[in-house]
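Those protein sequence lines, which keep their order, are chains A and B.
Residues 442 to 783 in our numbering are what the first sequence spells out, letter by letter.
Residues 442 to 783 in our numbering are what the second sequence spells out, letter by letter.
Just so you know, even glycine gets a beta-carbon here, dropped at the ideal spot from N, CA and C.
Keep in mind that this is a model prediction, so the values were computed, not measured.
Protein chains: 2
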Amino acid sequence: MKPVTLKEIAEQLNISVTTVSKALKDYPDVSKKTRGLVRELAKTLNYKPNTFAVNLRTKESKTIGLVIPVIVHHFFSSVIKGIISQAEKKGYLVIILQSNESYELEKKQIDLLLSQRVDGIIISLANGTADFSHLNEVISQKKPLVMFDKIAKIVKCSKVIIDDRKAAYLATQHLVDIGCKRIAHFRGALLPQNSIDRFLGYKKALLDNNLPYDPSLVYICECGDMSFEEGKKNAKQLLEDHDDVDGIFINTDLVAIGAMTEFNKLGVKIPEDISIVGFSNWFMSSVISPTLTTIDQPGFKMGKTAFKQLYKEIKAIKNNKPKTPKIITLETALVKRESTKK
Amino acid sequence: MKPVTLKEIAEQLNISVTTVSKALKDYPDVSKKTRGLVRELAKTLNYKPNTFAVNLRTKESKTIGLVIPVIVHHFFSSVIKGIISQAEKKGYLVIILQSNESYELEKKQIDLLLSQRVDGIIISLANGTADFSHLNEVISQKKPLVMFDKIAKIVKCSKVIIDDRKAAYLATQHLVDIGCKRIAHFRGALLPQNSIDRFLGYKKALLDNNLPYDPSLVYICECGDMSFEEGKKNAKQLLEDHDDVDGIFINTDLVAIGAMTEFNKLGVKIPEDISIVGFSNWFMSSVISPTLTTIDQPGFKMGKTAFKQLYKEIKAIKNNKPKTPKIITLETALVKRESTKK
DNA sequence: AACAAAATCGAAAACGTTTTCGTATAAATC
DNA sequence: GATTTATACGAAAACGTTTTCGATTTTGTT
Numbered sequence: 442m443k444p445v446t447l448k449e450i451a452e453q454l455n456i457s458v459t460t461v462s463k464a465l466k467d468y469p470d471v472s473k474k475t476r477g478l479v480r481e482l483a484k485t486l487n488y489k490p491n492t493f494a495v496n497l498r499t500k501e502s503k504t505i506g507l508v509i510p511v512i513v514h515h516f517f518s519s520v521i522k523g524i525i526s527q528a529e530k531k532g533y534l535v536i537i538l539q540s541n542e543s544y545e546l547e548k549k550q551i552d553l554l555l556s557q558r559v560d561g562i563i564i565s566l567a568n569g570t571a572d573f574s575h576l577n578e579v580i581s582q583k584k585p586l587v588m589f590d591k592i593a594k595i596v597k598c599s600k601v602i603i604d605d606r607k608a609a610y611l612a613t614q615h616l617v618d619i620g621c622k623r624i625a626h627f628r629g630a631l632l633p634q635n636s637i638d639r640f641l642g643y644k645k646a647l648l649d650n651n652l653p654y655d656p657s658l659v660y661i662c663e664c665g666d667m668s669f670e671e672g673k674k675n676a677k678q679l680l681e682d683h684d685d686v687d688g689i690f691i692n693t694d695l696v697a698i699g700a701m702t703e704f705n706k707l708g709v710k711i712p713e714d715i716s717i718v719g720f721s722n723w724f725m726s727s728v729i730s731p732t733l734t735t736i737d738q739p740g741f742k743m744g745k746t747a748f749k750q751l752y753k754e755i756k757a758i759k760n761n762k763p764k765t766p767k768i769i770t771l772e773t774a775l776v777k778r779e780s781t782k783k
Numbered sequence: 442m443k444p445v446t447l448k449e450i451a452e453q454l455n456i457s458v459t460t461v462s463k464a465l466k467d468y469p470d471v472s473k474k475t476r477g478l479v480r481e482l483a484k485t486l487n488y489k490p491n492t493f494a495v496n497l498r499t500k501e502s503k504t505i506g507l508v509i510p511v512i513v514h515h516f517f518s519s520v521i522k523g524i525i526s527q528a529e530k531k532g533y534l535v536i537i538l539q540s541n542e543s544y545e546l547e548k549k550q551i552d553l554l555l556s557q558r559v560d561g562i563i564i565s566l567a568n569g570t571a572d573f574s575h576l577n578e579v580i581s582q583k584k585p586l587v588m589f590d591k592i593a594k595i596v597k598c599s600k601v602i603i604d605d606r607k608a609a610y611l612a613t614q615h616l617v618d619i620g621c622k623r624i625a626h627f628r629g630a631l632l633p634q635n636s637i638d639r640f641l642g643y644k645k646a647l648l649d650n651n652l653p654y655d656p657s658l659v660y661i662c663e664c665g666d667m668s669f670e671e672g673k674k675n676a677k678q679l680l681e682d683h684d685d686v687d688g689i690f691i692n693t694d695l696v697a698i699g700a701m702t703e704f705n706k707l708g709v710k711i712p713e714d715i716s717i718v719g720f721s722n723w724f725m726s727s728v729i730s731p732t733l734t735t736i737d738q739p740g741f742k743m744g745k746t747a748f749k750q751l752y753k754e755i756k757a758i759k760n761n762k763p764k765t766p767k768i769i770t771l772e773t774a775l776v777k778r779e780s781t782k783k
């Protein structure tokens with residue numbers, strides 16, 4: 442009934458707990474014979490070390506925490522998958538918490554993970570996060586921290602990102618290349634670095650092509666749970682505000698799909714009347730009609746990379762060998778589809 | 442540098458560790474004064490109980506395990522969200538593992554969770570799972586186990602499901618109601634109970650409407666990572682095999698969307714030539730063209746319900762009060778959209 | 001003042017593991 | 001045969017908490 446312990450194995454074999462423990466962990470100072478006996482008995486009794494005791498003793502839990510803004514989300518669930526699959530290879534478990542795009546909640550979740558004493562934390566920031574004391578707390582506790590996608594440049598930790606500015610530039614340039622002259626932008630929330638960078642890439646592409654930058658062509662979406670609705674709303678507003686727009690670069694696929702739905706309803710033809718480029722390459726984008734040109738954002742790889750980096754830092758800290766934060770930039774690509782086919 | 446312990450608080454106040462512990466946990470046998478002092482010092486020192494020690498002592502980790510076949514999946518990620526949000530309310534953390542639709546992996550993950558000594562496990566079975574010894578192992582260790590969606594009737598544990606047979610019946614009946622005479626079915630893998638039930642519901646609806654059941658109209662998809670491709674492949678095959686089909690009830694939205702994509706490519710009009718009903722109500726289904734009629738499967742609620750049930754059983758076992766397994770059936774609804782609009 | 005009852009505290013064991021360090025036995029060396 | 005050197009084992013402390021139970025002090029009662 443009760444789980445088997447080292448003590449019971451020791452008693453049955455008439456040896457000490459110490460020796461049993463050593464035998465199971467391949468210590469050199471235990472004879473081949475007793476090691477064999479211990480191993481055998483442990484197997485027949487189905488011995489499983491008590492993680493609680495091991496954790497207490499070793500001060501590590503082989504568990505990491507992951508905090509993300511949303512879960513039901515193609516990009517983020519891809520990242521989760523990447524992290525979990527990589528963590529599994531190294532014998533780590535992953536505790537997932539969501540911030541719901543709320544700073545308060547994010548702070549609470551970090552606290553929770555710290556008091557849970559996870560071995561490291563991976564996070565993508567909530568839109569509302571402007572204060573970083575909770576993250577600095579993690580760092581000052583010498584716990585490895587890796588940020589991805591929605592990062593804060595100011596926090597001194599490793600980061601896994603894409604070159605948002607470059608990707609946005611590419612997307613906008615593509616719209617220019619196919620002949621768009623009046624290009625709008627549905628940007629993300631104000632705070633997140635990546636939504637800023639995408640905006641800057643958009644702006645730079647316009648200027649490099651001698652197209653005027655018109656702030657009234659930039660619309661904001663929070664990109665939270667309501668992304669789709671926001672896309673619809675902005676699309677409608679855009680039509681009311683401007684009748685000459687022939688291209689839009691949109692911060693997120695889901696918003697883009699909302700916009701396309703609205704345009705479709707209002708009789709605006711895509712790509713004939715307006716060309717659209719999204720961002721992230723959600724699976725959905727390849728099956729809607731017209732299919733959506735977008736930037737491929739490698740979620741799965743980002744997850745894997747983030748864990749790999751975290752793992753390195755966990756090892757490094759364990760060996761008392763510091764590690765300077767590293768910024769890893771993954772490649773993206775423009776995926777051309779029907780929404781920009783002239 | 443080192444985390445604060447009860448001992449340090451005790452030494453600073455010149456009292457015993459016992460009293461500090463009691464003061465922090467509102468034991469009645471500690472005076473108001475000392476409790477105040479302890480509380481205050483604990484706060485200023487930012488004391489956080491060492492979870493490892495607490496776990497070891499109390500034999501519970503306030504952590505549960507979740508095993509699902511896939512993560513990047515609208516339904517499953519909704520369930521994850523439901524479980525996590527409910528677990529949070531009760532102070533539980535969730536460790537997520539994926540089985541990748543593989544029995545071997547599923548077994549390994551369960552083992553992992555057991556050796557991790559989680560307080561309970563929630564699982565949706567892999568397609569390949571036909572042996573249930575790993576699940577019975579969980580039960581025989583008196584660890585609460587709740588299955589959802591893809592369940593095994595034979596395993597004696599609580600389950601959260603929908604009435605798949607009824608839902609499938611409803612879906613098929615709808616096709617009949619709009620005038621379909623020759624209705625195909627893309628079913629799921631052979632083993633999962635829900636794919637069996639959906640098939641049975643389909644079959645019964647045909648017979649109840651005096652339509653012949655033709656086995657050659659039933660196609661199989663594994664519904665794993667390749668769902669979309671499977672849908673395309675089956676659609677193509679169906680057209681080659683039969684030229685008189687005017688309706689299809691499809692096991693999963695993603696497969697249905699694959700099929701629709703293929704039909705679209707081949708010039709088959711939906712719903713004019715063939716009407717389609719999917720299953721699950723993925724968000725995607727509401728934005729593709731034509732929008733997909735489907736069965737709404739309440740993932741978020743399923744997750745919440747599954748955790749609630751698990752929580753009840755964790756409490757029950759703690760109080761040495763057994764609990765007979767409970768089967769909870771959630772409501773579904775047919776969502777009529779363009780793919781069945783005649 | 002004597003006693004009972006209540007209030008307050010602490011010693012100690014326990015949870016199960018890991019690891020250091022010492023000791024005893026066996027093997028090797030001269 | 002005496003000494004060194006491997007080899008094999010175990011005692012014990014430590015990780016930080018919870019909880020039982022006994023001891024002491026204070027309060028209340030007569």
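query                                                                                                                                                                                                       : result
Going along chain B, which residues have a C-beta under 8 Å from residue 515 of chain A?                                                                                                                    : 513
Please confirm if residue 539 of chain A has its CB atom under 8 Å from at least one CB of chain B.                                                                                                         : yes
For residue 457 of chain A, does the count of other Cβ atoms within 10 angstroms reach 16, so buried, or fall short, so exposed?                                                                            : exposed
Should the region 755-770 of chain B be regarded as contacting the region 594-609 of chain B, the criterion being three or more beta carbon pairs within less than 8 Å?                                     : yes
Decide if residue 600 of chain A is buried, meaning its Cβ has at least 16 other Cβ atoms within 10 Å, or exposed.                                                                                          : buried
With residue 643 of chain A as the anchor, note down where its alpha helix (DSSP H) starts and where it stops.                                                                                              : 634-649
Can you tell which of A:448, A:756, A:692 has its C-alpha closest to the C-alpha of residue 501 of chain A?                                                                                                 : A:756
Count the other C-beta atoms from every protein chain shown that fall within 10 angstroms of the C-beta of residue 643 of chain A, then say buried if there are 16 or more, exposed otherwise.              : buried
Evaluate the contact criterion for the region 478-491 of chain A versus the region 534-543 of chain A: three or more CB pairs, one atom per stretch, below 8 Å.                                             : no
Find the nearest neighbour of residue 495 of chain B within the set A:550, A:687, A:556, judged by alpha-carbon distance.                                                                                   : A:556
For residue 637 of chain A, decide whether its Cβ has a neighbour in chain B, counting only Cβ atoms nearer than 8 Å.                                                                                       : no
Please report the residue range of the alpha helix (DSSP H) in which residue 556 of chain A lies.                                                                                                           : 544-556
Grab me the residues of residue 703 of chain B's own chain with a C-beta within less than 6 Å of its C-beta, minus the 5 sequence neighbours each way, in chain order.                                      : 673, 676, 677
Can you name the residues that DSSP bridges to residue 626 of chain B?                                                                                                                                      : B:659, B:690
Short of 6 Å in beta carbon distance, which residues of its chain neighbour residue 589 of chain A, apart from the five on each side in sequence? Order them along the chain.                               : 565, 601, 743, 747
Going along chain A, which residues have a C-beta under 8 Å from residue 556 of chain B?                                                                                                                    : 489, 490, 492
Rounded to the nearest angstrom, what separates residue 696 of chain A and residue 663 of chain A at their Cα positions?                                                                                    : 10 Å
Name the one or two DSSP bridge partners that residue 453 of chain B has.                                                                                                                                   : For residue 453 of chain B, which the question treats as bridged, DSSP gives no partner whatsoever.
For the candidate residues A:598, A:652, A:639, whose alpha-carbon lies nearest to that of residue 608 of chain A?                                                                                          : A:639
Would you mind listing the alpha helix (DSSP H) stretches within the region 470-497 of chain A that are 4+ residues and don't spill past its ends, in chain order?                                          : 473-485
Would residue 527 of chain A be called buried (16 or more neighbouring beta carbons within 10 Å of its own) or exposed?                                                                                     : buried
Going along the chain, which residues of the region 515-529 of chain A sit with their C-beta nearer than 9 Å to a C-beta in chain B?                                                                        : 515, 517, 518, 519, 521, 522, 525, 526, 529
Can you name the residues that DSSP bridges to residue 733 of chain B?                                                                                                                                      : DSSP output for residue 733 of chain B lists no bridge partner at all.
Rounding to the nearest angstrom, what Cα-Cα distance links residue 547 of chain B and residue 503 of chain A in this structure?                                                                            : 20 Å
DSSP state of residue 715 of chain B, grouped into three classes?                                                                                                                                           : coil
With respect to the alpha helix (DSSP H) encompassing residue 611 of chain A, which residues constitute its N-terminal and C-terminal limits?                                                               : 605-618
Strictly by DSSP, which residues pair up with residue 600 of chain B?                                                                                                                                       : B:588, B:768
Do the region 716-732 of chain A and the region 511-519 of chain A meet, that is, are 3 or more Cβ pairs less than 8 Å apart?                                                                               : yes
Is it buried or exposed, residue 733 of chain A, if we count other Cβ atoms within 10 angstroms and call 16 or more buried?                                                                                 : buried
Who are the near neighbours of residue 669 of chain A in its chain, counting only those whose CB is closer than 6 Å to its CB and skipping five residues on each side?                                      : 695, 699
Once the 5 residues before and after residue 538 of chain B are set aside, which same chain residues still bring their CB inside 6 Å of it?                                                                 : 508, 550
Measure the CB-CB distance between residue 781 of chain A and residue 712 of chain A and report whether it falls below 8 Å.                                                                                 : yes
Drop a sphere of 10 angstroms on the beta-carbon of residue 583 of chain A, count the other beta-carbons inside from all chains shown, and report buried for 16 or more, exposed for fewer.                 : exposed
Does chain A have any CB closer than 8 Å to the CB of residue 574 of chain B?                                                                                                                               : no
Work out the CA separation of residue 707 of chain A and residue 690 of chain A for me, nearest whole Å.                                                                                                    : 19 Å
Identify, in the order they occur along the chain, each residue of the same chain with its Cβ nearer than 6 Å to the Cβ of residue 617 of chain B, setting aside the five sequence neighbours on each side. : 650
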